[in-house]
Amino acid sequence: MKKFALALAPLTFALAACGDTDDASTAAEADTVEMPADEAMADVTEAPAADPTANAAVDAAATPQAEVSATPTTAQEAGANAADVAARAQAAAAAAEQATEQPQ
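Residues -19 to -1, 1 to 85 (mature numbering (1 follows the signal peptide of the UniProt record, and there is no 0)) are what the sequence shown spells out, left to right.
#1: Measuring only the C-alpha atoms, how far is D65 from A59?
#2: I'd like the span of the alpha helix (DSSP H) that includes T81, first residue to last.
#3: Alpha helix (DSSP H) containing D24: first to last residue?
#4: Which same chain residues end up closer than 7 Å to A35 when comparing Cβ atoms and leaving out the 5 residues on each side of it in sequence?
#5: Which value, in whole angstroms, describes the spacing of the CA atoms of A73 and A63?
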């Protein structure tokens, strides 16, 4: 019986340490979760400044580029490029395998 009580004592203390006195049924409200924006901005006296370059990156990405010659224009060219890349990959794999082979 003493072993049983000794085993339950740490468990009892652990559960007691995890307890909290806050009521879990209290609904979260704006005033309890975060401070209102009016209080946070009360000391700010400056007006927001407009930045004309803020959207420059977006505008540059939105304009179409005139030079697209790097992309294949037909499906046949795309297939030929894919076959060329596959052949180069196979050659590189064979060279790597040959370089790592150990003589017997």
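For each residue, glycine too, the CB sits at the ideal point set by N, CA and C.
Concretely, from the data shown:
#1: For the purposes of this step, residue 65 is taken as residue 84 along the sequence shown, with counting starting at 1. For the purposes of this step, residue 59 is taken as residue 78 along the sequence shown, with counting starting at 1. When rounded, the distance between both Cα atoms is 10 Å.
#2: Against the sequence shown, residue 81 aligns to sequence position 100. Element bounds for T81: 56 to 81.
#3: For the purposes of this step, residue 24 is identified with residue 43 of the sequence shown, where counting begins at 1. Note, D24: premise wrong, no alpha helix (DSSP H); not H, not E.
#4: If you number the sequence shown from 1, residue 35 lands on position 54. If you ignore the 5 residues before and after A35, its C-beta comes within less than 7 Å of no other C-beta in its own chain.
#5: Locating residue 73 in the sequence shown gives position 92, where the first residue counts as 1. Locating residue 63 in the sequence shown gives position 82, where the first residue counts as 1. One alpha carbon belongs to A73, the other to A63, and they sit about 15 Å apart.
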